[in-house]
Each structure stands twice: as C-alpha cells, then as structure tokens.
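Participant: In the numbering used here, the protein residues as written are 50 to 466.
#1: Does DSSP put residue 420 in a helix, a strand or coil?
#2: Counting only runs of 4+ residues fully inside the segment 290-330, write out the alpha helix (DSSP H) ranges in chain order.
#3: Taking 8 Å as the threshold (C-beta atoms), are residue 223 and residue 197 in contact?
#4: Locate the beta strand (DSSP E) running through residue 86, then write down its first and last residues.
#5: Less than 7 Å between C-beta atoms, sequence neighbours within five positions excluded: which residues of the same chain meet that for residue 444?
#6: What is the DSSP secondary structure of residue 187, counted as helix, strand or coil?
#7: Exposed or buried, residue 240, counting other C-beta atoms within 10 Å across all chains shown (16 or more means buried)?
#8: On the DSSP bridge list, what partners appear for residue 241?
#9: Output the distance between the C-alpha atoms of residue 80 and residue 266, rounded to the nearest integer angstrom.
#10: Taking only the alpha-carbon atoms, compute the straight-line gap between residue 109 and residue 186 and give it to the nearest angstrom.
#11: Would you please state the rounded distance, in angstroms, between the beta carbons of residue 86 and residue 100? I believe it to be under 8 Å.
#12: Measuring alpha carbon to alpha carbon, tell me which of 59, 84, 78, 61 ends up nearest residue 272.
#13: Using only the alpha-carbon positions, how far apart do residue 284 and residue 102 sit?
#14: Can you check whether the C-beta of residue 306 is within less than 8 Å of a C-beta belonging to chain C?
#15: Closest to residue 59 by CA distance: which of 264, 319, 210 is it?
#16: Determine the direct distance from the alpha carbon of residue 137 to that of residue 73, and round the result to whole angstroms.
#17: Got a sec? Which residues, its chain only, sit under 7 Å from residue 252 by beta carbon, not counting five neighbours each side?
#18: What does DSSP give as the partner residues of residue 51 in its beta bridges?
#19: By Cβ distance, which residues of its chain are closer than 7 Å to residue 194, with the 5 residues on each side in sequence left out?
#20: Three or more beta-carbon pairs under 8 Å between the segment 429-442 and the segment 195-215, yes or no?
#21: Let me confirm a value: residue 324 is counted as buried when at least 16 other C-beta atoms fall within 10 Å, else exposed. Which label applies?
#22: For residue 221, report the span of its beta strand (DSSP E) as first-last.
#23: Using the Cβ count rule (16 or more neighbours within 10 Å means buried), how would you classify residue 320?
#24: I'd like the span of the alpha helix (DSSP H) that includes residue 431, first residue to last.
#25: Does the contact criterion of 3 or more C-beta pairs under 8 Å hold for the segment 391-410 versus the segment 175-186?
#26: For the putative contact between residue 365 and residue 441, defined by C-beta atoms under 8 Å, what is the C-beta separation to the nearest angstrom?
#27: Which residues mark the beginning and the end of the alpha helix (DSSP H) in which residue 272 is found?
#28: From residue 347 to residue 282, what distance separates their C-alpha atoms?
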C-alpha cells in the first residue's frame with residue numbers, strides 16, 4: 050500500500066466571513082488558520098483520496114463541484130473521493146440556504162467557493178505526489194473529554210446541557226469516547242509520516258466566546274502531533290451530533306488543553322500500536338437512498354417545541370427545500386483493510402454512530418461527520434419522542450432514520466464480502 054499526506058490553508062483570504070454554527074457574528078479576524086487535510090491511498094489498481102475540511106459542513110452541490118476538480122486532476126472518479134468536515138463553529142458558513150441573522154445572503158460565497166475549489170485540487174494532488182510505500186499501525190484510546198448534551202428529567206423536561214453547565218457532572222446519555230488512530234509508517238520504521246485520528250466531539254471549546262476564525266480543537270491536535278511526531282494529521286470528527294466538549298464555550302485556553310489531551314493520547318498510543326499484516330486492500334463505495342424530508346406536522350409533534358415554538362419552527366422549516374418531499378441522500382464507505390470509514394450526510398448522533406460500529410463487519414469502524422451532505426441532525430427514532438435540539442433541528446423525517454441505517458448496514462456487509 051502507498052499513502053501520501055498534505056494540508057493547505059483554507060482561511061478566507063481577507064479574514065472576513067459569517068461564522069457558522071451560532072447564527073453569526075461576522076468574523077473580526079483570525080486566531081488560527083483553517084486547513085484542508087488530504088490523505089491519498091493506493092493499493093494495486095485502486096486509488097482513493099480523503100479530504101477533511103475545517104468547515105461546519107457543505108451541501109451536496111459544493112461537494113460535487115470540489116470533487117469534480119479533484120477527479121479531473123487525479124483521474125479518480127467520484128466514488129474514490131471522500132470528504133468530511135471537522136465541524137468547527139468558528140469558520141465560514143458555506144451552506145447557501147443559510148442566511149444571516151438579519152436575513153441577508155452571504156456575499157462572499159462565490160469567491161470563497163473558488164478558493165476552496167483551487168485549494169482542494171492542490172492539496173489532493175500534493176498528497177498524491179507524496180505517496181510512498183507504507184505499513185499501517187493502529188490503536189485506540191478512551192479519552193474522557195466529551196459529554197452528551199441531552200438531559201431529561203423523569204417528566205420529560207429537557208435541558209440543553211451547554212446552557213445549564215451545572216448539569217455537566219451528571220449528564221447521563223450516551224458518549225462515544227473512542228479515539229481511533231491510524232499511523233502510516235515507512236516499511237520497517239515505526240515512526241509515522243502521517244496520522245488519521247477520529248474522535249466524537251463537537252469542536253467548539255472556544256465556540257461563541259470569540260468572533261475570531263479558528264479550527265478549534267482539531268487545529269491544536271494537528272499542531273501538537275506535528276511537534277511530537279513530526280508528521281501531518283488528518284483529523285476526522287465522529288458521530289458527534291449530541292456529543293459536546295465538557296467545557297463548551299470556554300475560550301482558547303480550553304481549546305489548547307483539550308487538543309493537547311487528544312494529541313497526547315494519540316502520541317502515547319502510537320508507541321504500542323498494532324502493525325496490521327498485509328495485504329490491506331482499499332475498497333470504496335458510494336450509495337444513495339431515497340428518504341423523505343420532514344413536515345410541519347412532524348415538527349409540531351416534538352414535545353420540547355414549547356415556548357417560542359412558532360419562531361423556531363419557522364427558522365427550522367425554511368431550511369428544508371421541500372417539506373414532505375423525497376430526496377436522494379448519499380453516504381460513502383472507505384475501507385483500508387480491516388478499517389472502515391463511513392461518510393454520513395449530516396450530524397449523526399453518537400448513539401447511531403455506535404450502532405453502526407456494533408453492526409459493522411469491519412473490526413474498526415469510524416464515522417465521518419458532515420461527509421456527503423449537510424442535512425442537519427440525524428437522531429435515533431426514540432429521540433423524537435423525547436424532543437430536544439437534535440430532534441428539532443434536522444431536515445429529514447424521523448421515518449427516514451431506519452431506511453438510512455439499513456442502507457448503510459447493507460452496504461457495509463456488501464463491501465466486506
């Protein structure tokens with residue numbers, strides 16, 4: 050197997066953008082640069098490239114545009130090109146259906162999309178040019194830096210934990226604490242030239258405390274591993290729909306602390322990582338499934354809509370292109386030997402991500418967040434009966450969750466044959 054790593058800056062050239070994730074504000078400067086990280090993979094006749102962007106998410110038309118440029122440059126079809134977004138909330142909003150808090154369109158999108166298209170091709174080609182023969186070592190660590198932000202009282206009363214931080218020590222819903230690590234090493238040399246990491250946590254330790262552009266935790270992870278192991282890192286956010294840092298909106302000191310904890314765990318577990326025996330076949334698959342957008346009626350059934358429901362309902366529904374209509378939704382699978390990455394079309398919650406891990410025919414399975422589309426939250430069906438932010442803020446109907454999960458599980462099993 051051959052692999053190559055590269056990264057490139059994707060910070061807006063003038064440092065100006067509408068910060069995604071909290072409905073603004075406009076940025077006032079740059080704290081640290083945003084990056085696109087690329088991993089090129091080759092085994093026999095199969096080639097693939099994976100890009101992770103420090104963006105909140107991308108819609109399918111932009112993904113298709115960027116993939117087309119990469120495909121033309123490298124001669125790889127769409128099925129061999131994989132995207133994911135780290136989901137930083139301190140980067141530019143790039144989803145065209147989103148408006149500013151005052152209803153304005155985002156005037157920088159055309160220029161920024163061109164920058165992304167250029168940089169995506171450059172970083173993918175650079176990664177391919179750096180491809181070298183390698184061995185793959187793998188490990189994992191259990192890192193207690195995330196929490197589930199959903200908290201319910203016995204009577205169904207809901208609390209969004211980041212807004213009630215006294216609840217952090219007792220939040221009790223599911224958390225995925227696995228830090229998955231892949232170390233790409235020269236043959237006969239255990240020191241990696243590239244690392245892929247996967248952790249399930251919204252990267253918003255700084256979050257709404259700042260109006261500065263920042264990659265948040267993934268940026269610190271990459272910097273710390275570069276210092277410690279001397280190599281590049283492709284950071285992938287897992288199924289973090291309801292998994293938060295334990296101290297969200299805590300400022301850049303917390304960003305540095307959490308990033309260093311994750312990076313230190315990755316460096317520590319490099320030393321005792323397991324060398325996977327060859328061959329390590331690379332398998333790729335992209336599939337689509339017909340799902341349904343949610344309706345106004347389905348939204349009104351959610352028990353936590355409560356006070357301010359009409360305004361929230363309006364803001365949620367205006368992001369749905371065709372309420373109640375059908376939509377073709379893609380997902381992607383990238384297997385490297387016994388390791389599988391699953392690209393999902395939005396913000397999948399940790400419970401569903403873990404379900405895919407449990408059902409996977411691959412020993413090590415990781416979710417790639419906001420990979421093929423940005424359709425909002427994808428919650429497990431029971432979540433819609435309790436409500437909460439993740440149940441409210443999604444474009445897909447609750448009835449679409451089961452078909453999506455079934456399609457992914459069927460595709461995993463087919464890929465493993």
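Even glycine gets a Cβ: it sits at the ideal position worked out from N, Cα and C. The model shown is predicted, which means the values in this text are computed figures rather than measured ones.
Facilitator: Taking the coordinates as given:
#1: coil
#2: 301-319
#3: yes
#4: 84-92
#5: 342, 343, 368, 369, 424, 425
#6: strand
#7: exposed
#8: According to DSSP, which records beta bridges pairwise, residue 241 is partnered with nothing at all.
#9: 13 Å
#10: 33 Å
#11: 7 Å
#12: 84
#13: 9 Å
#14: No chain C is present in this structure, which holds just one protein chain.
#15: 264
#16: 13 Å
#17: 135, 136, 137, 265, 266, 267, 286
#18: 91, 182
#19: 250, 294, 295, 307, 310, 311
#20: yes
#21: exposed
#22: Unbroken run through residue 221: none, as it is neither H nor E.
#23: exposed
#24: 430-435
#25: no
#26: 6 Å
#27: 266-278
#28: 41 Å
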